[in-house]
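Here is the structure we will look at.
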Amino acid sequence: MAHQIMGQKELKEQVQDAGLCTGCGACINLCPYQVFYHDRTIVLNPCDIKAGRCYAFCPRTPVDLQALHAHFFQESDLTPEIGPVKAFFIVRAADAEQRKQAQHGGTVSALMSLALQEGMIDTAIVAENQERFLHAGVAVQQPMEIWERGKSKFIVSPTVAEFNRAARSDAERIGVVATPCQAFALAKMRLKPELSSGDNPIDKLKLVIGLFCGFTLSWAKLLDLLHKKTGLDAITGMDVPPGKDVLEIYTEEGVLVFPMEDVQACIREACRYCIDTTAEYADLSVGSARLSGNWEESRSWNQVIVRTDVGMALMALARNSGTLEFHDVPTGNLEMLKKAAWEKKRTALKNLVEKSGSADDLIYLDARDRLLADLKY
Amino acid sequence: MSKLLEVREGSCHLLMGNEAIARGALEAGINVAAAYPGTPSSEILENLAQVAKVRNLYVEWSTNEKVAMEVAAAASFAGLRSLCVMKQNGVNVASDFMLHLAGSGTRGGMVLVTCDDPGALSSVNEGESRHFARMIEVPLLEPGDFQEAKDMTRWAFELSEELRTLIMLRSVTRMSHASGNISMGKLQDQLRRAEFRYDGFILDPNEGPVLSAPVAYKHGLQQGKIEKARELFEQSPFNTYEGPEKPELLIITSSACTLYSREAIHLLNLGGRVGLLKLGTTWPLPPNLLKKYLTLTGTILIVEEVLPFLEENVKIIAAETAKEIGIKTFYGKNDGTIPMTGELSPDLVVSALSRILEIPYAAIDPAYEKKAQAAAFFKAPQRGLAFCPGCPHRASYWNIRNALTLDDRQGFVCGDIGCYTLDIFPGGANTLKTLHAMGSGTGVASGFGQLSPFGLDKPVMAVCGDSTFFHAAMPALVNAIHHRANITVVILDNSGTAMTGFQSHPGLCINAMGQEAPKVDIAKICAAMGAKVAVCDPFDLPETQKTLNRLMEDEVGVKVLILNQKCGLSPEKKAVKKYDVHVDENLCIGEDCGCNRLCTRIFRCPALLWDKEKEKARVDDVLCAGCGVCTGICPQAAIVKEVA
Amino acid sequence: MIVKKFKLPSDPYNIIITGVGGQGNVMASRVLSNMLVNRGFMITIGETFGASQRGGAVMSHIRVSSKGTWSPQIPKGKADVIIALEPIEAIRVLAAYGHPGVFVLANTRPVYPVGVITGELNYPSREEIKLSLQELSAQLWLIDATDQAIGLGNPILTNIIMIGAFAKLGKLPILLDDFIKVMEQTLTGDKLEINLKAFTLGMEALET
Ligand SMILES: Cc1cc2nc3c(=O)[nH]c(=O)nc-3n(C[C@H](O)[C@H](O)[C@H](O)COP(=O)(O)OP(=O)(O)OC[C@H]3O[C@@H](n4cnc5c(N)ncnc54)[C@H](O)[C@@H]3O)c2cc1C
Ligand code: SF4
Ligand code: SF4
């Protein structure tokens, strides 16, 4: 199931114009033609190269899932719903002060900081909130800088674009915080090292910490939703508390609550076609925890799926150094997660079929793929 | 020393048509000259400005053609001789004043020289100014060669004083920008004193106020002047006939077409069969003279550029005198013998003659022609117009296009006249979507800026040059601001009227005569009008593009971005290269993914070349102006600049 | 050589100077024409400039006559000599104004059109240009004028080198002295010196 690599024109037609662009940034900073503006990928100038890296790396161009799995994971770890699982934990950053700077338990920030401190990586790529609630990926070298950039950004922040830039700089060992689409793009890059020109910058990628992800919002549509209820620069954060069916927007003046049915309209179109909730192609993936129904208690904890040996090693370090606090995993927790992830996959496939108009045409996915066979759509 | 100052009468010099006109004005002893630059007219005032000091003239580049005519008229009202100069479309701008001036009449001799551009060699229109003479009722002269260009100009001032009206002298590109031997006349010293009398009786042409009212009375006077001109023109030495006494065919022509017609007669060896009536006074036409020559033959060919102006007026006379002269067969524009658009040439007249007289003619041996055409087709790739190396407009449009693309709402640009019009050509960024008169970019944008209630949701931008800003964009900008149009106006300030050869304008601290002048600050004007103003250097690509995007996203009112950078051909810049620029071949990745020749494929500076053999970009040292802008676009930083 | 009653090879004798905006085409035609005016000829020059200065082709038509003024546009197929400051411009001009008897002097240095720079159009090789020009002319001289001008310190002298070469051709009675006389009116010192050098280089280029 080898897929032909095409060029910028096809990328634009098949992905950007088709509403499939995730804004991951994998096609950015490779050349002067593809650029990121606000939360969109823009073709700044036409390029006529027949087979380009932009097309090759994009997580929404046709892909052979089986080849990816075979390349990255052990068959025995694989689950159909949430990809490979080597271990599953409920944890949080041990330092309560630091946790205040984080979205939930601060696990992501703590692990990235640890990787930096231990020399596992020398550069961490995280998301930064900039003017007018627009975000960018930035490369940092100090743990403090990681904590300053904590919290989830619900508008895409192209960390892979920043990886592309940093990988062509002095950085040697790079760790990236990635949403599922971003982790997926990085996996595609790793699968095709021959496309990274010169010194194979993709070899510099040493760690991928994935974020669980339900959806991202379109910046322009979020503006409509806010409709002058608050200024963009006043927003300090947001979250989708599990089970509540609302989007909470935190501002200096208080919390704005929007019912999910209003928020639905603001979701980035590409997210409707995403089959990954748990960032299956990361070394380990982190989401919010669900502890016995109490959100105020749960929100300061994370659940972590460890997927690779690199992930296992980092968790071991975290335990031994006391960086993370560990919580018992309540029974049924993993099953709940799998169920939710399964649901997202099914919906995505349904949406893809609806878009293509044919059950055999899953656009960027292959309907013959064994990994999709169980998903009745 | 300027040739225009030659004092030896009868000495022979090679002068350009425009120089000849300027010399004619000096021989007439003018005191004041005012113009707005425009190809092909600009050299007239430029040459006068050069001798202004020696010849004791006042010479100015006015802000626009209407003002130029007003300035010149004031000199006439004060009894001095004055000249105003413009290109064809400038007459449209001046015509409002011209209409009133025809009514009020003039005092000191006043001449309007208009240089038309048949074929639009350097215009975005091929307007005909001759119709203004008939419409506004002023006499019209058209020189038929370079000597006449000079002599007729001198005479025009006398005629103006005799008739007390403005005289229009019309040249064309092939007269103004062509050169020939000219025998000089006497330079006249002007000893006149400026005096404006206005206390006399209201209808007194010498002592009363200068008014176009009472209208019916003044209009009647004006028509009387035309009547008198008609009589004078019957005897004019500028209307000449050459050819046999009884020609088979009579060509009636004027201006540069005289030279084409004469050459065509020569090429076909028709000297004994075809007569050539060359008219120098083309409005009002002298009817008796025409009657005389129309009587010679039954077949008439009228050769002129661009519209059938002579043709129609001659036909009226032919119709009115049909009983005496008989029925004629006319060939010309109306029947398609001569093309209705574009400029003429000896060959077009040859083909008209050979068709009418059925004489076969092949300019080039067919076998040779076939070979030569094939060589040109395969070996001489078309030369598209492009911004010069070092041109600030390339950088400005690079920013504009990038900003529009990033903005991603299908924004577009309304443009007007100047070098920046070249954006529409292959060397440009192709962002201009409307292109009209001076200042029209801003005016049209002002209109587009009102259309969002009707569903137009694309961002609207206008571009305008610095000289154009003063010429006609200011009223449009006021309009946009007052009516809260949501537009972004980009002023491409390259410190001069670059298109036409660096004439000064009010935004500079120097005037036409080279004297120091107060600079009128564009940014301050815009701010005072109420626009949100930003200023950038277009060579600072990231900053300019960011500013443009910010302005475009601000949806309230008029935003103005002034892009300051001197023209690459400006005298200051032309002499010095700021940077030595070259390509580091080890860094250039050429057509590989990651660059794919951004510099030569997209940026397109004529000095950046693609070396096919080496597969590397290369800077042509001879062409490179050393602006260094390309170093900022190369993704590999392979284009390197060093301070020269 | 003293030229008393020089008989023109044809009257009018038609010269086209062609090139690209910025190459000093207009200056070349002025200098050449002034030399001829001083020799007592009637000259008509027709020039195409303006917007065409910006990367476009530029042409000057010079008509040399002992009789009078001619059309500022040379009729099709009637050029006697073509002086090209840019090689492919010679080909373009030949297609409209050439005939088997025309002489061509062409500078060899290309100025690439935008379309060639972008890769959409092809620029012929030196050899191809030479073949075409030879095929379409009675005699051809290819001169590395720009390279020589760079050697003199300023590529803009290309035009003067080409005029020098044309003078040497001997079709019209113009010599170094005529050139000096014209140039002295506007230039002095080093500037005059370097122009004379360029003119002489041009004359020599035709000898070899
Ligand atoms: C758009 C989005 C949707 C999410 N949806 C879910 C969900 O449905 N269920 C769930 O359990 N968890 C979801 N998460 C994950 C969750 O919000 C937390 O990020 C996660 O629990 C880790 O918490 P933490 O306290 O360890 O994070 P922190 O310690 O605060 O660290 C978060 C890290 O992620 C980086 N980051 C933030 N936003 C982005 C982004 N958009 N792209 C790349 N990097 C980013 C930050 O720079 C920071 O380094 C989502 C996250 C995002 C960004
Ligand atoms: S093919 Fe390569 S150079 Fe072209 S747009 Fe894609 S990444 Fe850029
Ligand atoms: S999904 Fe990512 S790689 Fe694909 S077009 Fe969008 S930003 Fe580029």
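Protein chains in written order, with my numbering: chain A, 126 to 502; chain B, 307 to 950; chain C, 41 to 248.
Note that the Cβ used here is the ideal one computed from N, Cα and C, for glycine as well.
All figures in this text were calculated on a predicted structure; none of them were measured in a lab.
First and last residue of the alpha helix (DSSP H) that includes A:C396? For the purposes of this step, residue 396 of chain A is identified with residue 271 of the first sequence, where counting begins at 1. Counting along the chain, A:C396 falls outside any alpha helix (DSSP H), and DSSP gives it neither H nor E.
Could you tell me whether the segment 205-213 of chain C touches the segment 162-174 of chain C, using the rule of 3 or more Cβ pairs below 8 Å? Contact fails: fewer than three Cβ-Cβ distances are below 8 Å.
A:R185: CB within 7 Å of a non-hydrogen atom of ligand 3: For the purposes of this step, residue 185 of chain A is taken as the residue at position 60 of the first sequence. Under cutoff, so the answer is yes.
Best match in A:Q159, A:E273, A:Y158, A:L409 for proximity to A:D434 [C-alpha to C-alpha]: Taking the first residue of the first sequence as 1, we reach residue 434 of chain A at position 309. Closest option to A:D434, judged by alpha-carbon separation, among A:Q159, A:E273, A:Y158, A:L409: A:L409.
Roughly how many angstroms lie between the CA atoms of A:L190 and B:K685, to the nearest whole one? Looking up residue 190 of chain A in the first sequence gives position 65. Looking up residue 685 of chain B in the second sequence gives position 379. Pairing A:L190 with B:K685, the inter-Cα distance amounts to about 52 Å.
In chain order, what residues of the same chain lie with their CB nearer than 7 Å to the CB of B:A462, ignoring the 5 residues before and after it? On the second sequence, position 156 is the one that residue 462 of chain B refers to. Cβ within range, chain order: V417, L447, I473, L475.
Own chain, CB closer than 8 Å to C:V43, minus 5 neighbours either side, in chain order: As a first step, residue 43 of chain C must be located in the third sequence, where it is residue number 3. Any answer about C:V43 is weak, because its pLDDT of 48 lies below 50 and its placement is not dependable; what the coordinates show is given next. Contacts found: R79, P213.
Quick one: grab the DSSP three-state call for B:W704. In the second sequence, counting from the first residue as 1, residue 704 of chain B sits at position 398. Correct three-state label for B:W704: helix.
Along the segment 234-247 of chain C, what residues have a CB closer than 8 Å to any CB found in chain B? The segment 234-247 of chain C vs chain B, Cβ under 8 Å: nothing.
Is the beta carbon of C:L241 less than 8 Å from the beta carbon of C:I201? Numbered from 1 along the third sequence, position 201 holds the residue referred to as residue 241 of chain C. Numbered from 1 along the third sequence, position 161 holds the residue referred to as residue 201 of chain C. Yes; because the gap between Cβ atoms is below 8 Å, this pair is in contact.
Decide yes or no for the touch test of the segment 654-674 of chain B against the segment 556-572 of chain B: beta carbon pairs closer than 8 Å, at least 3 of them. Output reads yes: the segment 556-572 of chain B touches the segment 654-674 of chain B.
How about B:D890: is its C-beta nearer than 8 Å to some C-beta of chain A? The residue given as residue 890 of chain B occupies position 584 in the second sequence. No, B:D890 lies away from the interface with chain A (no Cβ there is under 8 Å from its Cβ).
Tell me whether A:T456 is buried or exposed, calling it buried when 16 or more other Cβ atoms sit within 10 Å of its Cβ. In the first sequence, the residue the question calls residue 456 of chain A occupies position 331. With fewer than 16 Cβ atoms within 10 Å of its Cβ, A:T456 is classed as exposed.
Minimum Cβ-Cβ distance from B:C249 to chain A less than 8 Å: Chain B is shown from 307 up to 950; residue 249 of chain B falls before or after that span and cannot be answered.
Take A:V431 and list the residues in its own chain whose beta-carbon comes closer than 7 Å to its own, dropping the five residues that flank it on each side. Translated into positions along the first sequence, residue 431 of chain A becomes position 306. Answer for A:V431: K211, A212, L409, M437, M440, listed in chain order.
When you compare the CB of C:E87 with every CB in chain B, is at least one pair closer than 8 Å? Within the third sequence, residue 87 of chain C is the residue found at index 47, counting from 1. With 8 Å as the cut-off, C:E87 counts as an interface residue toward chain B.
Give the DSSP-derived three-state secondary structure of A:G482 in the structure shown. Residue numbering aside, residue 482 of chain A sits at position 357 when the first sequence is read from its first letter. A:G482: coil per DSSP, three-state reduction.
Going by DSSP, which residues form a beta bridge with B:S560? Mapped onto the second sequence, residue 560 of chain B falls at position 254. B:S560 is not bridged to any residue.
Members of the segment 455-487 of chain B that neighbour chain C once the beta carbon cut-off is set at 9 Å: Taking 9 Å as the Cβ-Cβ cut-off against chain C, the residues of the segment 455-487 of chain B that qualify are T479, R480, M481, H483, A484, S485, G486, N487.
Shorter than 7 Å, the distance from the beta carbon of A:M269 to the closest heavy atom of ligand 1, or not? Counting from one through the first sequence, the residue named residue 269 of chain A turns up at place 144. Checking the Cβ of A:M269 against ligand 1 gives no.
Through-space distance from B:R707 to B:P863, alpha-carbon basis: For the purposes of this step, residue 863 of chain B is taken as the residue at position 557 of the second sequence. For the purposes of this step, residue 707 of chain B is taken as the residue at position 401 of the second sequence. One point to set straight first is that residue 863 of chain B is Gly, not Pro, in the sequence displayed. Distance between the alpha carbons of B:G863 and B:R707: 21 Å.
With a floor of 3 residues, list each beta strand (DSSP E) that falls wholly inside the segment 73-154 of chain C, ordered by position along the chain. Note on the segment 73-154 of chain C: whole beta strand (DSSP E) runs with a minimum of 3 residues are 82-88, 97-105, 121-124, 143-147, in chain order.
Across the segment 369-384 of chain B and the segment 765-784 of chain B, are there enough close Cβ pairs to call them in contact, namely three or more that are closer than 8 Å? By the Cβ criterion, the segment 369-384 of chain B is in contact with the segment 765-784 of chain B, since at least three pairs of Cβ atoms, one from each stretch, lie closer than 8 Å.
Rounded to whole angstroms, what is the Cα-Cα separation between A:V281 and A:A227? For the purposes of this step, residue 281 of chain A is identified with residue 156 of the first sequence, where counting begins at 1. For the purposes of this step, residue 227 of chain A is identified with residue 102 of the first sequence, where counting begins at 1. Going from the Cα of A:V281 to the Cα of A:A227 covers about 18 Å.
Between the C-alpha atoms of A:L259 and A:W344, what's the straight-line distance to the nearest angstrom? Within the first sequence, numbered from 1, the residue matching residue 259 of chain A stands at position 134. Within the first sequence, numbered from 1, the residue matching residue 344 of chain A stands at position 219. Straight-line spacing of the CA atoms in A:L259 and A:W344 works out to 8 Å.
First through last residue of the alpha helix (DSSP H) which encompasses B:Y674: Reading the second sequence from its first residue, position 368 is the one you call residue 674 of chain B. Here the alpha helix (DSSP H) through B:Y674 covers 672-685.
Cutoff 8 Å: B:L904 Cβ touching any chain A Cβ: On the second sequence, residue 904 of chain B is found 598 positions in, with the first residue counted as 1. Yes, because at least one Cβ of chain A sits closer than 8 Å to the Cβ of B:L904.
For A:Q307, the nearest candidate out of A:D295, A:R298, A:N289, A:A296 (CA to CA): Counting from one through the first sequence, the residue named residue 307 of chain A turns up at place 182. The candidate whose alpha carbon is nearest that of A:Q307 is A:N289.
Where the beta strand (DSSP E) through A:H452 begins and ends: Counting from one through the first sequence, the residue named residue 452 of chain A turns up at place 327. That run of the beta strand (DSSP E) goes 449-452.
Could you please tell me which residues of the segment 166-177 of chain A, in chain order, have their CB closer than 9 Å to any CB of chain B? Of all residues in the segment 166-177 of chain A, I167, V168, L169, N170, P171, C172, D173, I174, A176, G177 have a Cβ within less than 9 Å of some Cβ in chain B.
If the cut is a Cβ gap below 8 Å, which residues of chain A does B:I939 touch? If you number the second sequence from 1, residue 939 of chain B lands on position 633. In chain order: P157.
What residues in its chain sit with their C-beta under 8 Å from that of C:P150, if we drop five residues either side in the sequence? Within the third sequence, the letter at position 110 stands for residue 150 of chain C. Answer for C:P150: E126, P127, I128, Y163, listed in chain order.
Short-range partners of chain C found in the segment 663-695 of chain B, where Cβ spacing is below 7 Å: Cβ contacts with chain C come from A669, I670, D671, Y674, K677, A678, Q679, A681, A682, K685, A686, P687, Q688, R689, G690, L691, A692, F693, C694.
So does the segment 718-735 of chain B actually touch the segment 798-807 of chain B, counting three or more Cβ pairs closer than 8 Å? The segment 718-735 of chain B, when compared against the segment 798-807 of chain B, does touch it at the 8 Å Cβ threshold.
Reduced DSSP category for B:F845 - H, G, I as helix; E, B as strand; rest coil: Taking the second sequence and counting its residues from 1, one reaches residue 845 of chain B at position 539. Coil at B:F845, not helix or strand.
Cβ of A:F309 versus every heavy atom of ligand 3: is any distance shorter than 7 Å? For the purposes of this step, residue 309 of chain A is taken as residue 184 along the first sequence, with counting starting at 1. No.
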